[in-house]
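Chemist: Just dropping this structure here.
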Amino acid sequence: MPVNVWNEPNFWLSCITLSGKVKPLKILEALERENIESRPIWKPMHMQPFYRNYDFLGSGVSQKIFEHGLCLPSDTKMTDDDLNRVCEIIKGVWR
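Using this note's numbering, the first residue of the sequence shown is number 1, and each one after it goes up by one.
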């Protein structure tokens with residue numbers, strides 16, 4: 001997202017979506033092995049049990065993001081070293 005003169009982002013949440021053979025669970029597990037927390041992207045309302053039988057308007061975008069996305073570690077206190085460590089672990093999933 002662009003940073004404007006009238007706002008200051010807090011970068012509280014960073015997410016990725018994946019395509020190809022690497023699935024979000026593989027990255028989540030690789031980070032978890034290093035004691036780094038990540039989490040799946042929020043499950044869309046229409047996929048949650050309570051709302052399953054209700055009408056839903058949409059084109060499947062939220063479901064696709066849920067299935068292929070992952071919330072990455074993010075914190076206002078993350079250092080460049082922390083960020084580089086997370087990036088190296090994630091890149092290692094493809095090696």
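The beta carbon of each residue, even a glycine, is placed where N, CA and C say it ideally should be.
#1: Tell me which residue opens and which closes the alpha helix (DSSP H) that Gly69 is part of.
#2: Report all residues from its chain with a CB closer than 8 Å to the CB of Arg39; omit the five preceding and five following residues, and keep chain order.
#3: If you draw a straight line from the C-alpha of Met45 to the C-alpha of Pro9, how long is it?
#4: Decide if Leu31 is buried, meaning its Cβ has at least 16 other Cβ atoms within 10 Å, or exposed.
#5: Roughly how many angstroms lie between the CA atoms of Trp94 and Arg85, to the nearest whole one?
#6: Starting from Ile16, follow the beta strand (DSSP E) in both directions and report where the run begins and ends.
#7: For Lys49, does the count of other Cβ atoms within 10 angstroms reach 16, so buried, or fall short, so exposed?
Modeler: The answer reads as follows:
#1: Counting along the chain, Gly69 falls outside any alpha helix (DSSP H), though it belongs to the beta strand (DSSP E) covering 69 to 72.
#2: Leu28, Leu70, Cys71
#3: 27 Å
#4: buried
#5: 15 Å
#6: 14 to 17
#7: Note on residue identity: the sequence assigns Pro, not Lys, to residue 49. By the 10 Å Cβ count, Pro49 comes out exposed.
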